[in-house]
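Under my numbering, the first residue of the sequence shown is numbered 67, with each subsequent residue one higher. Ideal Cβ positions, reconstructed from N, Cα and C, are used throughout, including at glycine.
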Amino acid sequence: MSEKEDLKHILDHFVHHSKDHEGEFEELAAKARAMGEAAIADSILKGVEQMKKSNASFEEALRLLS
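The following block contains the structure:
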């Protein structure tokens, strides 16, 4: 496997792994909100939005590698 292919493989894995965690964090935010912890839920969702922005950058890197 070339270095470029290796980089693509690692980035692809990271993006999918990170997206799986986004859903888990959204579930945690919903649980926090159901417990009446709106500030905690909002903080978790803020982190999810930051993860989504990071993933967009990684996905752009993947497109550039293709």
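**Report entry** C-beta contact flag for GLU93 and VAL114 at 8 Å
**Finding:** In the sequence shown, the residue the question calls residue 93 occupies position 27. In the sequence shown, the residue the question calls residue 114 occupies position 48. Against a cut-off of 8 Å, the Cβ pair of VAL114 and GLU93 comes out as no contact.
Q: Evaluate ALA95 with the Cβ neighbour count: other Cβ atoms within 10 Å of its Cβ, from every protein chain shown; 16 or more gives buried, anything less gives exposed.
A: By 1-based counting over the sequence shown, the position of residue 95 is 29. The residue is buried, with at least 16 neighbouring Cβ atoms inside 10 Å.
- At least three beta-carbon pairs within less than 8 Å, the stretch 67-85 to the stretch 97-107: no
By Cβ distance, which residues of its chain are closer than 7 Å to SER84, with the 5 residues on each side in sequence left out? As a working mapping, residue 84 is identified with position 18 in the sequence shown. Cβ within range, chain order: MET117, ASN121.
(message) Just to confirm, is the Cβ distance from GLU125 to VAL81 under 8 Å?
(response) As a position in the sequence shown, residue 125 is number 59, starting the count at 1. As a position in the sequence shown, residue 81 is number 15, starting the count at 1. In this structure, VAL81 lies closer than 8 Å to GLU125 by Cβ.
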